[in-house]
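Chains B and S are the protein sequences, given in the same order. For the first sequence, the residue numbers in the numbering used here are 12 to 429. For the second sequence, the residue numbers in the numbering used here are 5 to 299. Each residue gets a CB set at the ideal place from its N, CA and C atoms; glycine is no exception. This one's a predicted model, so the numbers in the text were calculated from it and none came from an experiment. A quick write-up on the structure given underneath.
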Amino acid sequence: MLTRKSCLWVTLALLAFLVLSLPVGAEEKIIKIGSLYPMTGRPGIYGLDSVDAAEMAIDEINSKGGVNGYKIQLINTDSKAKPDYSVMVAKRYITQDKVNFLFGVVSSAVGLAVTEVSKQHKKIFIGTDHASTQLTTDKLQPYYFRVSNNTFQSMAAGAKYLKELQKTKPWVTIAYIGPDYAYGHDQWNELKYNLDRFGVKYKAVGEYWPKLFAPDYTAFISTIINEKPDILVAGFWGGDTVAFIKQAQPYGLFSKTLYFSPDGGGNYELMAAMGADLPEGLVLSGRHHNNWPDTELNREYVNKFFKRTGRYPTYAAEGAYTGVYAIAEAVKKVGNPDDTEALVKAFEGMKIKLPEDPEGFTSYIDPKSHQIVQEQAIGVTEPNDKFPPAKLMLGKWKVYKAEDLLPPADYIEQLKKK
Amino acid sequence: MDPSFILMQFLSGLMMATLLFLVASGLTLIFGVGNVFNFAHGSFYMIGAYLAFQVVSSCHANFWLSVLAAALGAGALGMFAEATFLRRIYGRSQEGGFQILLTYSFILIIDDLVKLIWGTEYKSLQRPEGFKGAVNFFGLTIPSYNLAIIGIGILVVVVAWLILSRTRPGRIARAAALDREMLGSLGINVPLTMTLVFGIATAMGGFAGALAAPLRSVSPGAGIEVIIDSLIVVVIGGMGNFWGAWLGALILGEVNAFAIATAPDWASLFSYLVMALTLIFKPEGIFSSRRVRKV
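Okay, structure coming up:
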């Protein structure tokens with residue numbers, strides 16, 4: 012006779028047998044993506060949003076039966092935003108976890124390190140949210156693709172904006188403040204290059220290099236106030252933008268000088284963190300906007316993300332979302348996730364309709380530079396409480412054509428020589 | 005440079021110095037009295053900022069009350085950490101190494117706790133009522149909250165001086181810095197003294213974090229950002245020297261402010277230069293006289 016206890020054991024054993032035998036029995040075909048996103052410290056929100064958005068895309072695709080019978084699976088490891096550590100994880104992904112794609116990365120320093128691993132192991136690396144132009148110009152390798160725009164594209168759009176502005180509000184002097192590492196320096200150099208290219212006359216009156224994540228900008232602010240530039244270009248991102256704006260506001264900086272931050276300065280996290288304290292009239296942009304373009308696809312994407320997580324996405328999320336769809340598209344074309352060379356061909360020139368594409372435009376991956384080509388919109392902060400906790404959002408959009416924003420050949424040559 | 009700009013830049017430096025001092029004072033106090041180098045001091049600063057945010061947003065409390073609550077909360081957490089963990093390693097051989105490892109682990113634990121409780125989004129606190137605008141004088145515009153912080157810094161220096169030199173607890177703290185064994189044999193409860201001093205030091209960290217919250221972004225990892233500059237301050241002023249910390253902060257703040265105004269490309273170099281020169285020529289700190297080496 013079965014006692015109660017042995018009954019329990021038998022049930023447990025049966026259950027265990029069932030669970031263990033499931034994957035074996037089903038022989039599921041899997042596309043494995045190994046991602047590296049920072050989950051801690053100041054960039055943590057970028058990592059968290061990216062992973063949530065990538066999983067959202069994966070659930071959408073898998074629930075419709077996957078791609079050619081393959082289900083997509085994501086494994087993420089905290090990159091700690093450290094290049095050497097990320098290289099170690101990327102190698103482990105390739106040799107032990109047998110991933111089909113390397114994926115992610117917020118910091119350009121990590122991106123530049125991981126692209127070397129991708130090159131060595133001939134494993135495709137999809138870059139979703141790091142902006143250094145180098146990755147798709149002088150440091151480009153055959154197995155790297157980027158699905159979000161780089162700083163050159165933002166700065167080319169920025170230079171066009173400033174050129175138009177001169178017609179309505181004649182400005183002459185311009186100063187720059189940005190974090191003292193490659194990302195900060197690239198933006199300033201690229202903006203000046205593009206201003207010159209478009210024949211804009213200006214006078215650069217100062218450049219300031221606080222450390223990344225510096226807590227205090229007071230002394231920079233009083234110096235800039237004293238200099239009274241017409242335009243202050245800021246290369247900050249994330250918490251640095253928040254801290255700088257909070258500290259500069261009571262000094263009246265924004266009434267005397269136009270604050271201009273066309274790459275990462277207009278990320279939603281700024282609007283969410285500052286609420287009603289955010290000044291009106293700042294000119295900003297980012298890699299994706301929750302309220303531009305006003306298309307069905309973008310509204311749907313933003314609402315789905317909100318339903319899933321209870322918060323509105325920062326721009327990092329859309330990069331990751333795009334990356335997963337790009338992979339699905341490539342695998343669909345090739346038929347399997349293992350034929351690397353065929354996949355590379357499939358990514359080159361791929362057209363992909365994204366939440367950030369305005370009506371009548373479809374993003375595509377430039378076959379030569381492996382860089383996604385997208386329209387850029389620059390906006391101005393104005394009251395809008397449709398995306399709480401934000402009380403202001405960007406508006407009065409100016410949109411720039413994708414083809415006009417790519418780095419010209421002579422610029423890439425110049426980078427290669429360096 | 006025109007004089008009004010010099011004044012403005014001086015005030016910028018003073019404001020930075022005051023916040024630096026408020027963080028560094030706790031660090032140097034616990035080093036002076038307890039000979040503990042609390043690597044996690046910045047984490048108590050961060051906890052203070054989050055606690056102030058929580059109190060303001062969930063109780064709609066007055067900002068200044070939230071600063072008080074943040075200091076008390078950070079102090080309580082500090083006393084818990086001291087009584088439960090740090091106390092066990094006092095007097096071990098190579099205690100210094102253990103201190104660094106143990107307090108470093110506090111950083112990681114507190115960072116993760118903060119992430120679990122408050123998430124990774126940036127939090128922001130408004131400046132308190134009455135301090136949202138700016139004060140105009142001599143054609144300068146100075147945010148009134150900055151002036152308030154400078155005033156609070158001076159108040160803290162005076163109050164701390166009164167407590168340390170004129171009261172019995174202050175004398176006990178100074179005695180603990182000099183000879184803990186002797187203090188014990190005089191009937192003072194030394195372990196309790198240590199816990200209390202650690203609590204006061206971490207409360208000052210939390211106090212500084214809460215005061216800085218309306219100016220900075222509150223996010224995980226915020227502690228790391230302030231610990232390095234505080235360390236420079238403590239080294240310049242002399243490890244464990246309370247007044248030294250104030251003067252060290254003042255030097256660092258002003259050197260930084262005027263370096264930014266005159267040679268922005270090299271601005272961050274100067275603060276490290278001051279520290280390096282101090283370490284080479286006067287390693288006990290610029291303001292240490294041998295007689296009052298600690299506190």
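- The three-state reading of DSSP puts Met-5 (chain S) in coil, since its state is none of H, G, I, E or B.
- Counting along the chain, the unbroken beta strand (DSSP E) around Leu-405 (chain B) starts and ends at 403-411.
- Ranked by how close their Cα comes to the Cα of Lys-133 (chain B), the residues B:Lys-362, B:Asp-350, B:Ile-42, B:Phe-316 have B:Asp-350 in first place.
- Rounded to the nearest whole angstrom, the CA to CA distance from Glu-71 (chain B) to Glu-280 (chain B) is 25 Å.
- By the Cβ-count criterion, Arg-157 (chain B) is buried, with 16 or more other Cβ atoms from all chains shown falling within 10 Å of its own Cβ.
- Within the DSSP bridge table, the entry for Ile-44 (chain B) names B:Leu-85, B:Phe-112 as partners.
- Ranked by Cα distance from Tyr-155 (chain B), the first of B:Gly-115, B:Met-67, B:Trp-199 is B:Gly-115.
- When DSSP states are grouped into helix, strand and coil, Leu-416 (chain B) belongs to the helix group.
- Under the three-state reduction of DSSP, Pro-94 (chain B) is assigned to helix.
- CA-CA distance, Lys-75 (chain B) to Pro-324 (chain B), rounds to 24 Å.
- Taking C-alpha positions only, Leu-129 (chain S) is separated from Glu-291 (chain B) by approximately 18 Å.
- Ile-156 (chain S) and Gly-189 (chain B) have their alpha carbons spaced roughly 31 Å apart.
- Under the three-state reduction of DSSP output, Leu-281 (chain S) falls in the helix class.
- Look at Met-279 (chain S): its C-beta is not under 8 Å from any C-beta on chain B.
- Residue burial annotation: Gly-321 (chain B) is exposed, with fewer than 16 other C-beta atoms found within 10 angstroms of its C-beta.
- If you look at Leu-269 (chain B), you'll find it in the beta strand (DSSP E) that goes 269-272.
- Inter-segment contact for the region 255-275 of chain B and the region 362-382 of chain B is absent: fewer than three beta-carbon pairs are separated by less than 8 Å.
- The C-beta distance from Ser-275 (chain S) to Leu-251 (chain S) rounds to 14 Å, too long to meet the 8 Å contact threshold.
- Counting C-beta atoms within 10 angstroms of its own C-beta, Thr-106 (chain B) has fewer than 16 neighbours from the protein chains shown and is therefore classed as exposed.
- For a cut-off of 8 Å, the C-beta gap from Leu-293 (chain B) to Val-391 (chain B) is around 7 Å, short enough to register as a contact.
- Taking C-beta atoms as the reference points, Met-50 (chain S) and Val-162 (chain S) fail to come closer than 8 Å.
- Below 8 Å, enough C-beta pairs join the region 103-123 of chain S and the region 212-232 of chain S to call them touching: three or more.
- Chain-ordered, the chain S residues with CB closer than 7 Å to the CB of Val-253 (chain B) read Tyr-126, Ser-128, Ser-221.
- Under the DSSP definition of a beta bridge, Leu-144 (chain S) partners with S:Phe-141.
- The beta carbons of Leu-146 (chain B) and Ala-170 (chain B) sit no closer together than 8 Å.
- About 5 Å separates the Cβ atoms of Pro-226 (chain B) and Arg-220 (chain S), confirming a contact at the 8 Å cut-off.
- Secondary structure at Gly-244 (chain S): coil, using DSSP grouped into helix, strand and coil.
- As a beta-bridge residue in DSSP terms, Arg-157 (chain B) pairs with B:Gly-138, B:Gln-382.
- If only uninterrupted beta strand (DSSP E) runs of at least 3 residues are considered, those enclosed by the region 198-232 of chain B are 214-219.
- At least one CB of chain B lies nearer than 8 Å to the CB of Ile-264 (chain S).
- Distance from the CA of Ala-186 (chain B) to the CA of Lys-239 (chain B), rounded to the nearest whole angstrom, comes to 9 Å.
- Think of a sphere of 9 Å around the beta carbon of Glu-218 (chain B): the chain S residues whose beta carbon falls inside it are Pro-268, Asp-269, in chain order.
- The beta carbon of Met-279 (chain S) lies closer than 7 Å to those of Ile-236, Val-239, Ile-240 in the same chain, with the five residues before and after it left out.
- Beta-bridge annotation (DSSP): Glu-370 (chain B) is not paired with any residue.
- DSSP lists no bridge partner for His-299 (chain B).
- The CB of Asn-260 (chain S) comes closer than 8 Å to the CB of Ala-230 in chain B, given here in chain order.
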